[in-house]
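Peer 1: Under full-length UniProt numbering, the letters of the sequence shown match residues 1 to 176, in that order. Beta carbons: idealized from backbone N, C-alpha and C, even for Gly. A single structure is presented below for examination.
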Amino acid sequence: MEIKLRQENVNDFESVFQLIEKAFEKEEYSDHKEQFLVERLRKSNVFIPELSIVAELEGEIVGHILFTKLKIVNDADSFESLALAPVSVLPEFQGKGIGAKLILYGHEVAKELGYKSIILLGHQDYYPRFGYELCEKYNIKMPFDVPAENCLAIALTENGLKGISGEVVYPKEFFE
Numbered sequence: 001m002e003i004k005l006r007q008e009n010v011n012d013f014e015s016v017f018q019l020i021e022k023a024f025e026k027e028e029y030s031d032h033k034e035q036f037l038v039e040r041l042r043k044s045n046v047f048i049p050e051l052s053i054v055a056e057l058e059g060e061i062v063g064h065i066l067f068t069k070l071k072i073v074n075d076a077d078s079f080e081s082l083a084l085a086p087v088s089v090l091p092e093f094q095g096k097g098i099g100a101k102l103i104l105y106g107h108e109v110a111k112e113l114g115y116k117s118i119i120l121l122g123h124q125d126y127y128p129r130f131g132y133e134l135c136e137k138y139n140i141k142m143p144f145d146v147p148a149e150n151c152l153a154i155a156l157t158e159n160g161l162k163g164i165s166g167e168v169v170y171p172k173e174f175f176e
C-alpha cells in the first residue's frame, strides 16, 4: 500500500469534507461537526496551508490532518504553538498506519516551518507513541473541563516546551 502525502489544495476540499464526515461518523466522543471546523479554520488567520495535509492511495484521498496556530498564555507571556485537530482517516483504511504517517509527516513539516510544539485533545492510548506527553507535565491547561489524560503536548525541538506554561487559547473558530 503506497501512501502519498502532500499539501491539500483547493480541489481537495470537497473530498476532504466527506472524508472527515465519514471518519467521525461513529466516533463516540465527537460532535460530528469536525468537517465544518476544518472549513472555518481554512478561512481564518490561524490556517497554515502547508500544514493541511492529505494522504492519497491510488489517487483517492483516504486521510487528512490539520495543524493550526494557537497560543499558550500566562500572566507574563504568550507562546506560539500548534493545535493538531483533526486527524481523519476513512473508516475502511483505519488501523493501517495512515494516521501515524500523517502525524509524523506533519511533525516534520511543522518543524521545518519553525514551530516548536503541538497541543492536542485526544486518545491517551494513541498519541504517546508519537512522543506526546500530558499537558499537566508542563503546567499547560486547557480552557475547558476535560480529563487531564486527554490533554497532550509534544516538543518538536529539544526544549521546545521548556519554560512554557499557561492556558491554551484556541482560535475562536474552534468554538463557533
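1. Evaluate residue 83 with the Cβ neighbour count: other Cβ atoms within 10 Å of its Cβ, from every protein chain shown; 16 or more gives buried, anything less gives exposed.
2. Among all the DSSP beta bridges, which residues are the ones paired with residue 79?
3. Please determine, among 97, 75 and 121, the residue with the shortest C-alpha to C-alpha distance to residue 145.
4. Note down, in chain order, each residue of its chain lying with its Cβ closer than 6 Å to the Cβ of residue 180, except the 5 sequence neighbours on either side.
5. Give me the Cα-Cα distance between residue 151 and residue 29, rounded to the nearest whole angstrom.
6. The alpha helix (DSSP H) with residue 177 in it runs from where to where?
7. Looking at residue 51 and residue 10, is the spacing between their C-beta atoms short of 9 Å?
8. In the structure shown, what three-state DSSP assignment does residue 146 receive?
9. What's the call for residue 78, buried or exposed, on a 16-neighbour Cβ count within 10 Å?
10. Identify the continuous alpha helix (DSSP H) that holds residue 34 and give its terminal residues.
11. Would you tell me roughly how many angstroms separate the C-alpha atoms of residue 128 and residue 136, rounded to the nearest one?
12. Quick one: Cα of residue 73 to Cα of residue 88, how far?
Peer 2: If we stick to the structure as given:
1. Residue 83 counts as buried, since at least 16 other C-beta atoms from the protein chains shown sit within 10 angstroms of its C-beta.
2. By DSSP's assignment, residue 79 forms a beta bridge with 72.
3. Across the set 97, 75 and 121, the C-alpha of 121 shows the shortest separation from the C-alpha of residue 145.
4. Residue 180 lies beyond the stretch modelled for the chain, which goes from 1 to 176, so this question has no answer here.
5. Straight-line Cα distance between these residues: approximately 14 Å.
6. Residue numbering for the chain in the displayed model covers 1 to 176; residue 177 lies beyond these limits and cannot be assessed.
7. Not in contact: residue 10 and residue 51 (Cβ atoms no closer than 9 Å).
8. Under the three-state reduction of DSSP output, residue 146 falls in the coil class, being neither helix nor strand.
9. By the neighbour-count rule (16 or more Cβ atoms within 10 Å), residue 78 is not buried but exposed.
10. 34-42 is the extent of the alpha helix (DSSP H) around residue 34.
11. Those two C-alpha atoms are separated by around 14 Å.
12. Looking at the two C-alpha atoms, the distance is approximately 28 Å.
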